[in-house]
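J.: Counted the way the working numbering counts, the sequence shown spans residues 9 to 117.
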Amino acid sequence: KKQPGLLLVDNDWGNFVRYRTKCPIYSNNFILTQKEVDYINLTQELLQMTPDRLRQFAPDIRYVLVSNMDLNPLSESLLSNKNFEGFEILGEQRSQNGEVLGRVYGVEP
């Protein structure tokens with residue numbers, strides 16, 4: 009809430025995030041125009057990137073939210089226990105057995 013910034017999240021989660029935070033997102037599943045279709049395509053393209061490539065290609069993104077329900081390379085990378093330069097874990101949810109269910113990252117420009 010203190011530092012809103014562009015948040016990258018799978019469009020399936022977009023509606024939840026958009027109405028619970030002050031952070032703008034690229035896309036959600038409220039699709040009425042070609043512009044919304046284009047943003048969904050952009051979101052899907054960004055989610056296929058590595059964390060390093062994402063920072064190079066989309067320096068305006070300040071946050072990334074990933075879930076273990078997401079099936080994309082970026083989520084898989086960020087849910088691993090690896091550290092990625094420019095990405096800081098701001099929050100995390102784990103199951104009772106310790107499995108990471110989701111994370112939110114702050115992304116340095």
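For every residue, glycine included, the Cβ atom is placed at its ideal position computed from N, Cα and C.
Using CA atoms only, rank isn't needed, just tell me which of Val74, Asp78, Ile69, Met77 is closest to Glu116.
T.: In the sequence shown, the residue the question calls residue 116 occupies position 108. Of the listed residues, the one whose Cα sits closest to Glu116 is Ile69.
J.: Classify Asn19: buried if its beta carbon has 16 or more other beta carbons within 10 angstroms, exposed otherwise.
T.: Residue 19 sits at position 11 when you count from the first residue of the sequence shown. Per the 10 Å Cβ criterion, buried.
J.: If Leu87 sits next to Asn105, beta carbons under 8 angstroms apart, how far is it from one beta carbon to the other, in whole angstroms?
T.: For the purposes of this step, residue 87 is taken as residue 79 along the sequence shown, with counting starting at 1. For the purposes of this step, residue 105 is taken as residue 97 along the sequence shown, with counting starting at 1. Contact flag wrong, Cβ pair sits at about 15 angstroms.
J.: Where Ala66 and Leu16 are concerned, what is the direct C-alpha to C-alpha distance, given to the nearest angstrom?
T.: Indexing the sequence shown from 1 puts residue 66 at position 58. Indexing the sequence shown from 1 puts residue 16 at position 8. Cα to Cα, Ala66 sits roughly 10 angstroms from Leu16.
J.: Please work out which residues of its chain come closer than 8 angstroms, Cβ to Cβ, to Thr58, disregarding the five sequence neighbours upstream and downstream, and give them in chain order.
T.: One-based indexing of the sequence shown puts residue 58 at position 50. Excluding residues within five positions, the ones whose Cβ falls inside 8 angstroms are Pro81, Leu82, Ser85.
J.: Compare the Cα-Cα distances from Leu73 to each of Glu44, Thr41, Gln101 and report the closest residue.
T.: Here residue 73 refers to the residue found at position 65 of the sequence shown. The shortest Cα separation from Leu73 among Glu44, Thr41, Gln101 belongs to Gln101.
J.: Fully enclosed by the region 67–97, which beta strand (DSSP E) runs are 3 residues long or longer?
T.: 69–75
J.: Between the C-alpha atoms of Tyr71 and Gln42, what's the straight-line distance to the nearest angstrom?
T.: One-based indexing of the sequence shown puts residue 71 at position 63. One-based indexing of the sequence shown puts residue 42 at position 34. Computed Cα separation, rounded: 25 angstroms.
J.: What residue does the beta strand (DSSP E) around Leu109 start on, and which one ends it?
T.: Translated into the one-based positions of the sequence shown, residue 109 becomes position 101. Segment 108–115, the beta strand (DSSP E) holding Leu109.
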